[in-house]
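Working notes for the structure below.
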Amino acid sequence: MIHIRHRHTERFTVVGNHLAQHAELSAAAIGIAVYVQSLPDGVSVTAKALALHFSEGETTIRRALNELERAGYIARPRIPLGGGKFATRTLSYDKPGCVPEPKPKPKPAPAQAPAPAFAPVTPPAPSDPQAQPQPQPSAHPEPPQPPTGPASDLLARLRLADPRLMLSAGDVQRLAPAVQTWLSRAATPAQITRTLTANLPPEPVPIHHPARFLEFRLGHLLPPPLPAEEPRPPGPAPLVTCDGCERAFRSHDPDASCGDCREAAAA
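If you want this note's numbering, it's the 1-based position in the sequence shown plus 23.
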């Protein structure tokens with residue numbers, strides 16, 4: 024075997040050889056583990072959801088998930104929701120036994136010397152009539168204008184369906200072209216909203232990166248374009264009445280005569 028290497032600069036996942044070359048996991052388990060590690064937080068990875076992506080059935084996928092749980096690559100604790108209800112949360116480990124890295128504490132800003140109450144201002148020279156005072160930047164800049172259009176409106180309204188799908192104006196602007204592609208393929212706004220909000224995690228479970236979550240669904244669940252409509256076969260000619268004998272016959276020429284009248288006229 025000879026490797027033909029390619030250096031990825033975007034949309035790639037780093038996987039350890041302890042998983043890729045695992046001696047006890049099945050090929051299905053290794054493939055599903057790599058796929059799960061490539062997904063953003065908040066995506067459903069139940070056997071039913073994974074069966075929509077892979078050609079294997081739910082039984083094979085459930086067996087592979089059990090393998091990964093025994094090997095320590097996933098954990099599925101049950102979370103109480105209150106009222107005797109529970110939800111299962113899936114935790115994916117890049118390496119068995121790894122723990123989340125603590126977030127670094129922000130360093131305190133270095134002390135600065137106090138600025139004078141009034142900074143000296145040099146007025147323009149009287150001999151220079153073009154000298155004008157420069158406008159100072161506003162302390163409160165104007166917020167950017169939110170994007171508009173059917174795709175942007177659909178993305179902005181997703182938080183009405185689920186508050187966890189709150190998007191910033193920048194996220195809406197970035198995801199709007201993907202939604203526009205759905206609309207160009209004859210998908211209705213109701214169909215797109217239903218696809219983006221279906222099978223979300225239970226309400227107590229947060230969606231840490233809603234923009235990445237929606238970007239994944241918009242890319243992986245994109246419907247194909249509608250096939251071109253086949254031309255309809257031409258219908259029969261309409262009925263017309265012969266001016267000579269008032270006989271009805273079919274013809275595309277409204278002023279045509281029937282066959283008998285044409286023969287009589289020719290004779």
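Where a beta carbon is used, it is the ideal one built from N, C-alpha and C, also for glycine.
Can you give me the Cβ contacts of residue i inside the same chain, cut-off strictly under 6 Å, excluding the 5 residues immediately before and after it?
| i | result |
| --- | --- |
| A110 | I102, L104, P225 |
| A98 | L114 |
| P277 | V263 |
| F272 | C281 |
| R270 | C281 |
| S311 | Only positions 24 to 290 of the chain appear in the structure, and residue 311 is not among them; the question remains open. |
| G267 | S280, C284 |
Whole-angstrom Cβ separation of residue i and residue j, contact assumed at under 8 Å?
| i | j | result |
| --- | --- | --- |
| Q60 | T83 | About 19 Å; that fails the 8 Å criterion. |
| A179 | V202 | Actually they are not in contact, since the Cβ atoms of A179 and V202 sit about 11 Å apart, beyond 8 Å. |
| L249 | R208 | 7 Å |
| L181 | L219 | 6 Å |
| R112 | V228 | 6 Å |
| L223 | D185 | 6 Å |
| A210 | P246 | 6 Å |
Within the same chain, show all residues whose beta-carbon is closer than 8 Å to that of residue i, passing over the 5 residues directly before and after it, in chain order.
| i | result |
| --- | --- |
| D64 | I230, H231, H232, R235, F236 |
| Y116 | G95, Y96, I97, A98 |
| R30 | none |
| E252 | none |
For residue i, is the classification buried or exposed, using 16 other Cβ atoms within 10 angstroms of its Cβ as the cut-off for buried?
| i | result |
| --- | --- |
| C281 | buried |
| V122 | exposed |
| E90 | buried |
| I27 | exposed |
| L188 | buried |
| A199 | buried |
| I215 | buried |
| S191 | exposed |
| L183 | exposed |
| A174 | buried |
Measure from the C-beta of residue i to each C-beta in chain B and report whether the shortest distance is under 8 Å.
| i | result |
| --- | --- |
| L206 | Among the chains in the structure shown there is no chain B, since it carries only a single protein chain. |
Could you pull out every residue in the same chain whose Cβ sits closer than 7 Å to the Cβ of residue i, ignoring the five residues on either side in sequence?
| i | result |
| --- | --- |
| R79 | It should be pointed out that residue 79 corresponds to Glu in this sequence rather than to Arg. Contacts found: A51. |
| A87 | S49, A51, A52, I55 |
| E81 | A70, K71, A74 |
| F77 | I84 |
| H41 | K118 |
| S274 | A260, V263 |
Provide the residue(s) that pair with residue i in DSSP beta bridges, ordered along the chain.
| i | result |
| --- | --- |
| I102 | A110 |
| V263 | F272 |
| I55 | I55 pairs with nothing; no bridge assigned. |
| I97 | S115 |
Report task. Please confirm if the stretch 71–87 is in contact with the stretch 43–57, defined as three or more CB-CB distances below 8 Å between the two stretches. Result -> yes
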